[in-house]
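Novice: I'd like to ask some things about the structure below.
Number of protein chains: 4
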Amino acid sequence: MHSPRQILIPTLVRIQPGALDQVGAHARQHDLRRIVLLVSQDLPELLTRRLTGSLEANGLEIQSSQTVLQASFEQAQSCFAALPAGAQAIVGLGGGKALDTAKYVAFLGRLPYVAVPTSLSNDGFCSPQSSLTLGGKRRSLPSRMPFGVVVDTAVTHAAPAALWWSGVGDLVSKVTAIHDWKLALEVTRTPIDDFAALLSDATVFQFMGHPIRDPAGEGLLANALMLNGVAMEVCGSSRPASGSEHLISHALDAVSLKPRLHGLQVGVATYLVSRLQEQGTDLIRSVLERTGFWEAFRDEPLSRREWVEAVRIAPTIKQDFHTILSTRDCVPEVEGLLATDPQLRAVFID
Amino acid sequence: MHSPRQILIPTLVRIQPGALDQVGAHARQHDLRRIVLLVSQDLPELLTRRLTGSLEANGLEIQSSQTVLQASFEQAQSCFAALPAGAQAIVGLGGGKALDTAKYVAFLGRLPYVAVPTSLSNDGFCSPQSSLTLGGKRRSLPSRMPFGVVVDTAVTHAAPAALWWSGVGDLVSKVTAIHDWKLALEVTRTPIDDFAALLSDATVFQFMGHPIRDPAGEGLLANALMLNGVAMEVCGSSRPASGSEHLISHALDAVSLKPRLHGLQVGVATYLVSRLQEQGTDLIRSVLERTGFWEAFRDEPLSRREWVEAVRIAPTIKQDFHTILSTRDCVPEVEGLLATDPQLRAVFID
Amino acid sequence: MHSPRQILIPTLVRIQPGALDQVGAHARQHDLRRIVLLVSQDLPELLTRRLTGSLEANGLEIQSSQTVLQASFEQAQSCFAALPAGAQAIVGLGGGKALDTAKYVAFLGRLPYVAVPTSLSNDGFCSPQSSLTLGGKRRSLPSRMPFGVVVDTAVTHAAPAALWWSGVGDLVSKVTAIHDWKLALEVTRTPIDDFAALLSDATVFQFMGHPIRDPAGEGLLANALMLNGVAMEVCGSSRPASGSEHLISHALDAVSLKPRLHGLQVGVATYLVSRLQEQGTDLIRSVLERTGFWEAFRDEPLSRREWVEAVRIAPTIKQDFHTILSTRDCVPEVEGLLATDPQLRAVFID
Amino acid sequence: MHSPRQILIPTLVRIQPGALDQVGAHARQHDLRRIVLLVSQDLPELLTRRLTGSLEANGLEIQSSQTVLQASFEQAQSCFAALPAGAQAIVGLGGGKALDTAKYVAFLGRLPYVAVPTSLSNDGFCSPQSSLTLGGKRRSLPSRMPFGVVVDTAVTHAAPAALWWSGVGDLVSKVTAIHDWKLALEVTRTPIDDFAALLSDATVFQFMGHPIRDPAGEGLLANALMLNGVAMEVCGSSRPASGSEHLISHALDAVSLKPRLHGLQVGVATYLVSRLQEQGTDLIRSVLERTGFWEAFRDEPLSRREWVEAVRIAPTIKQDFHTILSTRDCVPEVEGLLATDPQLRAVFID
């Protein structure tokens with residue numbers, strides 16, 4: 001018998017200004033009454049107070065509230081081991097580290113998880129994976145789609161611009177990731193999931209309708225990153241969201257003296273890779289320019305030497321993961337592009 | 001226990017030029033070997049031959065091949081009653097009537113269904129509903145998401161322009177449908193599904209990246225309409241795809257001497273309703289202009305009188321279905337708009 | 001990716017004396033407030049009144065209440081076409097005909113369905129199929145598992161004994177059906193689903209713990225028949241519930257001057273087939289004796305001639321359906337058994 | 001919208017003599033080609049060789065094979081961290097420790113898991129939980145239903161008799177567990193899932209059809225324990241499989257100088273609890289006698305003092321878990337029963 005394909009999607013989705021103060025009402029509506037809270041360590045106390053206020057105003061019990069210090073399997077494990085009896089939901093508040101950890105605790109405890117990101121620096125807040133270290137090594141671990149996603153776009157709008165640019169960088173990477181996926185199909189017969197590819201692709205265009213940093217644009221970015229996460233769920237892999245541009249960023253994390261935010265590295269790498277792929281460059285250039293992305297490097301340009309080294313290492317990072325970087329030695333081309341492409345030249349130094 | 005939300009999505013998705021000739025290969029890959037074919041009655045014989053050729057070249061058995069004369073429950077029932085023993089899949093080829101019927105036959109027989117639309121005149125080719133008459137009355141019947149969607153964009157590109165415009169009209173209607181849905185939330189507490197709304201909304205923007213009638217643009221339109229169908233599956237209703245602009249179109253089907261294609265009526269109604277809603281007009285106007293949509297009425301303008309009558313009837317068509325038309329008597333406003341709005345004036349006569 | 005296997009099971013299950021009066025409370029608890037009722041035509045009015053009383057006492061609206069005259073696709077279609085707007089659930093009350101029809105109406109309308117059988121004459125009240133005529137021909141149509149099953153064992157206990165025996169006959173048939181399924185595996189490589197087979201098999205043994213016609217025994221029979229239905233859902237076919245003994249019964253429906261209740265025919269055929277299969281006879285004999293099953297034929301014995309004819313026809317009834325009857329010409333053996341087996345001799349006349 | 005209830009069930013189920021040698025064929029059939037093996041430390045080498053032989057004969061790659069020393073979260077974590085790239089399935093071979101660990105590794109890695117138990121000492125081989133220590137404390141952790149269950153009944157038949165009795169003890173515990181669940185419903189309104197309760201209950205009766213230690217009886221026990229696991233999946237809790245008799249066993253693990261096998265303790269506790277509940281005793285007594293269960297304690301009787309102490313502690317072990325032990329102080333009754341009940345007297349000493 002042919003069983004149809006089913007995917008998990010978030011049941012509760014709210015993306016709007018002021019949504020932070022509605023988390024309690026939403027949780028109560030879904031009968032989640034005993035809540036465990038996991039919060040980023042560096043979060044403005046006011047945000048935490050607004051969330052706890054919203055929960056308490058709705059008569060919900062905050063069984064425990066814990067600060068997440070690091071995004072590691074081991075931290076998630078210890079939170080899981082200490083889960084109070086009778087917990088009905090995990091709520092994660094803050095940036096990527098807290099949210100990836102909270103999502104994993106909920107996965108281990110098989111509890112509904114509500115993500116409340118306070119910035120939009122990557123697409124992890126609504127994906128079926130958690131990026132955690134395990135034994136000190138960063139890994140992308142199978143986890144589970146959130147039950148709920150609540151994005152207060154006024155809050156994310158107040159976050160540092162670098163986080164917004166990082167989200168933008170992670171978003172455009174879909175253009176090169178999908179092209180790499182198609183290359184892999186041709187060479188290694190890795191099957192491509194058209195539905196996931198199309199969904200992932202759609203998100204960039206939706207954002208392009210208004211790539212401006214105001215609450216509306218924050219909403220579009222949130223939505224686009226969320227649908228990317230869903231695209232990963234669709235095909236059960238990170239392929240529609242992560243290609244050679246992510247490999248380069250991972251390599252940079254290893255070789256760079258001072259790695260930048262994930263999405264910032266990824267955004268630059270996406271532009272660079274699109275030049276190698278000879279596709280998508282116009283679209284990517286347009287998104288990056290209209291969002292002011294390149295300003296992120298004005299005060300502190302990137303190191304040409306480190307990037308060349310990263311491109312050299314990148315193809316060795318993941319086994320059985322064919323990308324444009326596997327098709328030829330791209331280092332000479334990259335050296336040329338860093339020296340001649342106007343966008344790239346402007347943000348690199350030797 | 002909180003059960004997560006699961007949705008059905010198509011397993012097989014191919015949207016590209018030449019895809020028609022690959023249907024057999026895809027079906028074989030999914031082990032669908034005994035095929036029942038349902039084909040639009042007015043289809044160029046070459047298209048049917050290409051499909052059957054593709055199935056036969058892959059060693060698949062075409063158990064029966066039938067022409068669909070009308071999109072009715074009764075026709076679907078008789079196809080279902082006559083299904084050959086051992087059938088493993090239904091393949092529908094052609095326009096909306098054949099596909100809605102084929103989808104319903106597959107639903108009744110609980111068989112995998114592969115949709116092969118030859119034009120993109122509406123979003124029905126990948127939705128969980130079938131628009132069929134039942135006892136002579138048009139109904140939107142619960143059906144099931146297709147197992148596969150194969151769109152040969154070279155084929156759809158060769159279809160009459162009016163069908164393409166119809167698809168464009170059905171696509172932009174999401175902008176007003178979602179606004180109506182939000183209005184209903186405020187008034188009647190009909191719950192809105194943010195995820196479905198966001199997904200539906202995204203599709204218009206993706207199409208806006210290249211709203212041109214070439215194979216690439218056909219691909220974008222196909223993808224956008226497909227994701228709309230998925231949005232309906234997400235929330236289990238047609239709300240994200242159908243609001244007051246659809247009511248007006250349904251009313252026109254009743255009052256008009258010569259009803260136009262569904263999507264053509266819907267497209268004009270969408271523009272009109274956006275004026276009443278005072279939102280979305282710029283986006284809708286831009287899509288309709290860039291696609292040349294208004295040309296569809298050049299030779300045969302619309303009747304002002306019929307439309308005013310349709311707007312008057314529209315709010316009574318569906319019970320418990322709050323839209324902008326329920327908020328006030330919109331007839332006078334509509335009369336004014338038909339007389340003064342430049343876009344509308346140009347396509348209406350008395 | 002390996003997708004796990006998921007099956008639908010009823011959400012609401014109540015099997016106990018007095019359950020009829022609790023239907024309203026259960027429906028309200030699941031937020032099913034607008035109810036469409038389908039009732040067997042020959043049902044004691046008191047039962048219908050108890051059900052409607054229970055619904056009304058819980059503030060639920062009975063939108064319509066209809067008597068089912070025949071178990072046909074066409075009747076289900078007309079009920080479906082006439083479904084009131086806003087219906088939230090179908091409740092079926094009565095015997096097999098009403099319940100198969102109600103289940104199919106719910107399937108067509110994609111509405112939750114609650115089965116309230118008033119007798120236990122077969123396993124159809126909780127299966128994913130509906131036995132309906134379509135164009136005058138009896139068919140087993142794909143349908144959907146009920147949302148709820150409520151069996152008032154005091155009510156089923158008050159039903160005529162023949163219905164109870166019929167349910168017993170349908171239950172024991174699992175023993176021969178599963179053996180036929182295994183035979184088919186050997187010969188035609190039809191895959192067997194061990195999980196479904198084991199589940200189906202378990203039900204006979206559970207019933208054997210107390211095969212007595214009292215409320216407890218009614219509960220065991222209800223449970224056993226319900227799990228059989230689930231076994232069909234597990235493997236997506238009727239194979240674990242229906243083998244050559246069902247073919248013989250279908251043949252009898254065609255050749256017999258006066259066909260008996262489905263389960264009565266099936267029960268006798270099961271015993272007969274077990275002799276041909278040379279397995280399971282002791283268990284089957286024991287169940288039939290301890291339940292007094294054979295008494296059902298005391299006043300009106302079966303016709304030896306008709307049964308021999310039915311056995312002759314049976315293997316031709318279903319295509320691609322290998323059973324013990326396909327392995328050899330069983331007619332001579334059957335003639336011998338009807339003449340010599342003590343159990344069979346006692347219930348047959350020439 | 002009412003979403004139907006779906007449960008996960010094993011896709012691959014084989015319970016028969018010689019099944020161990022077919023694991024490779026089954027895995028290949030499901031396209032699981034790169035296998036990670038986890039094996040009990042004390043397993044006869046011949047069994048491991050038969051399994052690896054079966055895998056290799058079918059051209060499958062054994063990427064790694066590891067011995068499980070303890071059933072701990074930490075061991076599972078280290079296996080998970082060391083999973084070879086490209087692994088497609090986890091196969092667990094042996095007793096409860098190895099299988100619970102393997103199931104958890106598969107859960108963490110979201111990989112299909114095939115359980116190959118070599119004894120039937122409890123119902124853990126096909127349940128959605130893993131019994132592991134976490135930080136040194138035994139916990140029942142959410143895990144995932146196996147993809148496959150392969151029981152070679154000739155192998156389990158050759159295991160020590162104490163393991164078989166342990167499985168029998170775990171099986172009969174359903175009778176008291178379900179009664180405790182019903183008590184909890186009355187007192188604390190903990191909802192009971194009738195479907196799960198009925199399924200769980202059915203398994204004891206199926207086994208009663210042939211409670212003999214031969215390959216057929218091993219098959220029945222395997223099936224009964226497997227369906228118990230499914231019952232847990234149905235209701236998302238261990239309630240249908242574990243009541244006060246399990247609390248007593250957990251307490252014994254803490255207070256006893258020499259705890260016995262889980263199922264041996266549970267079996268005796270089940271009999272004892274049935275006396276307190278005043279229900280089910282005859283059925284339980286009959287199963288225990290016909291299987292020779294009491295012989296397990298002939299050489300080494302149980303300590304009356306330890307058991308009285310365990311009964312005293314038991315109600316404090318789990319929060320919000322109402323059972324017969326919560327209804328009153330049962331210690332005096334238990335002291336009386338241990339002194340007077342013939343079955344109990346025979347296996348206890350002071």
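Chains as they are written, first to last, in our numbering: chain H, 1 to 350; chain P, 1 to 350; chain L, 1 to 350; chain G, 1 to 350. The beta carbon of each residue, even a glycine, is placed where N, CA and C say it ideally should be.
Residues in the stretch 45 to 67 of chain P with C-beta within 7 Å of chain L's C-beta atoms, listed in sequence order?
Specialist: So the list is empty, because no residue satisfies the distance condition.
Novice: Any Cβ of chain P within less than 8 Å of the Cβ of residue 14 of chain H?
Specialist: Yes - at least one Cβ of chain P is within 8 Å of the one on residue 14 of chain H.
Novice: Which of the three DSSP states, helix, strand or coil, is assigned to residue 264 of chain H?
Specialist: Helix at residue 264 of chain H.
Novice: Classify residue 9 of chain H as buried or exposed, calling it buried when 16 or more other Cβ atoms lie within 10 Å of its own Cβ.
Specialist: By the neighbour-count rule (16 or more Cβ atoms within 10 Å), residue 9 of chain H is buried.
Novice: Give the secondary structure of residue 277 of chain L by DSSP, where H, G and I count as helix, E and B as strand, and everything else as coil.
Specialist: Residue 277 of chain L: helix per DSSP, three-state reduction.
Novice: What are the residues of the stretch 204 to 235 of chain H that lie near chain P, defined by any Cβ-Cβ distance shorter than 7 Å?
Specialist: Going along the stretch 204 to 235 of chain H in chain order, one finds 205, 206, 208, 209, 223, 227, 234 with a Cβ nearer than 7 Å to chain P.
Novice: Less than 8 Å between CB atoms is the rule here; does residue 257 of chain P satisfy it with respect to chain L?
Specialist: No, its Cβ sits nowhere closer than 8 Å to a Cβ of chain L.
Novice: Got a sec: is the Cβ-Cβ distance from residue 119 of chain H to anything in chain G below 8 Å?
Specialist: Output row for residue 119 of chain H: interface = no.
Novice: Since residue 61 of chain H is in the beta strand (DSSP E), which residue starts that stretch and which ends it?
Specialist: Residue 61 of chain H -> beta strand (DSSP E) spans 61 to 68.
Novice: Per DSSP, what are the beta-bridge partners of residue 247 of chain P in this structure?
Specialist: DSSP lists no partner for residue 247 of chain P.
Novice: Mind checking whether residue 168 of chain P and residue 73 of chain P have CB atoms under 8 Å apart?
Specialist: Not in contact: residue 168 of chain P and residue 73 of chain P (Cβ atoms no closer than 8 Å).
Novice: Which chain L residues sit within Cβ distance under 8 Å of residue 176 of chain G?
Specialist: The contacting residues do not exist; residue 176 of chain G stays about 16 Å from chain L at best.
Novice: Measuring straight from C-alpha to C-alpha, what distance separates residue 221 of chain L and residue 193 of chain P?
Specialist: Their Cα atoms are separated by approximately 43 Å.
Novice: Please tell me whether residue 119 of chain L and residue 156 of chain L are closer than 8 Å, where the distance is taken between their beta carbons.
Specialist: Contact flag set, yes.
Novice: I want to see whether chain L comes within less than 8 Å of residue 247 of chain P, judged by CB atoms only; does it?
Specialist: For residue 247 of chain P, the answer is no, since every Cβ of chain L falls outside 8 Å of its Cβ.
Novice: Going by CA-CA distance only, name the one from G:276, G:82, G:15 that's closest to residue 37 of chain G.
Specialist: Nearest C-alpha to residue 37 of chain G: G:82.
Novice: What's the call for residue 109 of chain H, buried or exposed, on a 16-neighbour Cβ count within 10 Å?
Specialist: Result: buried.
Novice: Could you work out which residues of chain P lie near residue 10 of chain H, taking near to mean beta carbons separated by less than 7 Å?
Specialist: What residue 10 of chain H touches in chain P: 195.
Novice: Excluding sequence positions up to five away, which residues of its chain have a Cβ less than 8 Å from the Cβ of residue 141 of chain L?
Specialist: 73, 104, 129, 130, 131, 132, 134, listed in sequence order.
Novice: Is there a Cβ of chain L sitting closer than 8 Å to that of residue 382 of chain G, yes or no?
Specialist: Given a span of 1 to 350 for chain G in the structure shown, any question on residue 382 of chain G remains unanswerable.
Novice: Got a sec? Which residues, its chain only, sit under 6 Å from residue 1 of chain G by beta carbon, not counting five neighbours each side?
Specialist: Any answer about residue 1 of chain G is weak, because its pLDDT of 41 lies below 50 and its placement is not dependable; what the coordinates show is given next. Closer than 6 Å at the Cβ level, and outside the excluded window around residue 1 of chain G, lies no residue.
Novice: Go ahead and pull the three-state DSSP assignment for residue 348 of chain L.
Specialist: Strand at residue 348 of chain L.
Novice: Give, in chain order, every unbroken run of the beta strand (DSSP E) that is at least 3 residues long and sits entirely within the stretch 86 to 147 of chain H.
Specialist: Within the stretch 86 to 147 of chain H, the complete beta strand (DSSP E) runs of at least 3 residues are 89 to 94, 113 to 117, 129 to 134, 137 to 142.
Novice: What residues in the stretch 87 to 114 of chain L bring their beta carbon closer than 8 Å to a beta carbon of chain P?
Specialist: Those residues of the stretch 87 to 114 of chain L that come within reach of chain P (Cβ to Cβ, closer than 8 Å) are 108, 109, 110.
Novice: Would you report the Cα separation of residue 289 of chain H and residue 260 of chain H, rounded to the nearest angstrom?
Specialist: Distance between the alpha carbons of residue 289 of chain H and residue 260 of chain H is about 19 Å.
Novice: Select from the stretch 124 to 138 of chain G all residues with a C-beta closer than 7 Å to any C-beta belonging to chain H, and list them in chain order.
Specialist: Listed in sequence order: 134, 135.
Novice: Report the rounded CA-to-CA distance for residue 149 of chain G versus residue 20 of chain G, giving the unit in angstroms.
Specialist: Each residue's alpha carbon lies about 11 Å from the other.
Novice: Give a yes or no on whether the minimum CB-CB distance between residue 27 of chain H and chain P is below 8 Å.
Specialist: Chain P contact via Cβ: absent.
Novice: Runs of 4 residues minimum, wholly inside the stretch 146 to 188 of chain G: which ones carry the alpha helix (DSSP H) assignment?
Specialist: Segments of the alpha helix (DSSP H) lying fully in the stretch 146 to 188 of chain G: 153 to 157, 161 to 188.
Novice: Identify which residue in P:71, P:224, P:187 has its Cα closest to the Cα of residue 205 of chain H.
Specialist: Residue P:224 is the option with its Cα nearest to residue 205 of chain H.
Novice: Do we get a CB-CB distance below 8 Å when we pair residue 241 of chain H with the residues of chain G?
Specialist: Not an interface residue.
Novice: Between the stretch 174 to 182 of chain H and the stretch 171 to 179 of chain P, do at least 3 Cβ pairs fall closer than 8 Å?
Specialist: No: the two stretches stay apart, fewer than three of their Cβ pairs being nearer than 8 Å.
Novice: Nearest chain H C-beta to residue 319 of chain G closer than 8 Å, yes or no?
Specialist: Yes, because at least one Cβ of chain H sits closer than 8 Å to the Cβ of residue 319 of chain G.
Novice: Check whether the Cβ of residue 85 of chain G lies closer than 8 Å to any Cβ atom in chain H.
Specialist: Yes, contact with chain H.
Novice: Under 8 Å, do residue 240 of chain L and residue 196 of chain L count as touching if we go by C-beta distance?
Specialist: Yes, these two residues count as a Cβ contact at 8 Å.
Novice: Listing by chain order, which chain P residues have their CB less than 8 Å from the CB of residue 328 of chain H?
Specialist: Those do not exist, as residue 328 of chain H stays about 26 Å from chain P at its closest Cβ, beyond 8 Å.
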